Amino acid sequence: MSFSKTIHSLTILPGKNKCGAVETFSEIILSPGDVLSVVGSTGSGKTAFINDIEVLAQGDTATGRTILINGCLPPDDFIRDPSKKPIAMITQNTKCLADLTVRKFLEMHIRSRKISENDVLEKTISTANKFTGEKIHADMRVSSLSGGQTRSLFIADAVIISDTPILLLDELENAGIFKEKVIEELRTLGKTTIFVTHDPYVSLLTDRRIVMENGTVKCILEPNGCEKEVLLRISGMDRELSAFRERIRRGEILADLNLTDSNHVDSTHTDSNFADPNLVESNSVDLKKEVFT
1 MSFSKTIHSL
11 TILPGKNKCG
21 AVETFSEIIL
31 SPGDVLSVVG
41 STGSGKTAFI
51 NDIEVLAQGD
61 TATGRTILIN
71 GCLPPDDFIR
81 DPSKKPIAMI
91 TQNTKCLADL
101 TVRKFLEMHI
111 RSRKISENDV
121 LEKTISTANK
131 FTGEKIHADM
141 RVSSLSGGQT
151 RSLFIADAVI
161 ISDTPILLLD
171 ELENAGIFKE
181 KVIEELRTLG
191 KTTIFVTHDP
201 YVSLLTDRRI
211 VMENGTVKCI
221 LEPNGCEKEV
231 LLRISGMDRE
241 LSAFRERIRR
251 GEILADLNLT
261 DSNHVDSTHT
271 DSNFADPNLV
281 ESNSVDLKKE
291 VFT
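Quick note: the sequence shown uses full-length UniProt numbering, first residue 1, plus one each step.
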């Protein structure tokens, strides 16, 4: 069964905050291709929010929220049968107990889904390799993959093999994978995606932001392009930090702040569709202080 053609909307109905007060929003409706971020301080309720979505809550969780699929209560098998659930949640815990090669791990999932296409395994690995600098090969053992490689593989597995229409990603920035590439790919594939994030760059790349406070949805922001200039500036900062990261990985001593040295900038970031590399400003150290304080 392919969910992509059957899931047209995901609706979140309000619950209550930690003090029992009813949330003030009326409903949040997500359509295929929508990309949202959930932001807020630690303990604000971000994880509880996506957990409600993942379990398709029916007023039976601590928050009292209700999740609708296509405007209706989801069928029971969406909730009870993991193979029929139209939602995949990928958390920071990427440990895999099965000591299998990537090939055997994916083949097992392909068989369970009764997929007959011959190229689906190669397509899954190819998609995963768009997101990570260290390439994944079919003969690698899943248990030996890095955290970034594992999350990249799980994302690709969810969108290619499971064809999951709704993805929940918890703190993608901690995985060491190419954030822009993930968002671009999920948008292209028409996936409804929700990111829990502390990264301003990830949150600015999304269409809407849900701001959490005291266990409740404080507000829902839809910038509609008004943050474009800030996004360009933060994109430049992100590339510079990536350049520092690559220099450290190569064993260099960072005795200078040559932030705009193009020889050090990772090409996977400079060709991003989200920002023009020529717009990186020379006073980026001051910009970091301006934006994040």
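No residue lacks a Cβ here, since even glycine has one placed at the ideal position from N, Cα and C. Predicted, not measured: the structure shown is a model, and the values here were computed from it.
If you reduce the DSSP assignment to three classes, tell me which class T66 lands in. In the displayed model, T66 falls within a strand according to three-state DSSP.
Taking the alpha carbon of L204 as the reference point, which residue from E27, L254, C226 has its own alpha carbon closest? Closest by alpha carbon: C226.
Find the nearest neighbour of R209 within the set Y201, L36, I67, V159, judged by alpha-carbon distance. Considering only alpha carbons, the answer is L36.
Alpha-carbon spacing of P223 relative to D207, whole angstroms: Going by the C-alpha atoms only, they are around 7 Å apart.
Can G33 and G190 be called in contact, C-beta distance under 8 Å? In this structure, G190 lies closer than 8 Å to G33 by Cβ.
Can you say whether D139 is buried or exposed, counting buried as having 16 or more other CB atoms within 10 angstroms of its CB? The Cβ neighbour count for D139, taken over all protein chains shown within 10 Å, is under 16; the residue is labelled exposed.
For C19, which residues does DSSP report across the bridge? In the DSSP output, where bridge partners are listed per residue, C19 has none listed.
Reduced DSSP secondary structure (H/G/I, E/B, other) of S242: Helix at S242.
Give the secondary structure of L254 by DSSP, where H, G and I count as helix, E and B as strand, and everything else as coil. The answer is coil: DSSP assigns L254 none of H, G, I, E or B.
DSSP state of F292 mapped onto helix, strand, coil: At F292 the pLDDT is 37, less than 50, meaning the model places this residue with poor confidence and gives no usable figure here.
Rounded C-alpha distance that separates L167 from I253: Rounded to the nearest angstrom, the gap between the Cα atoms of L167 and I253 is 39 Å.
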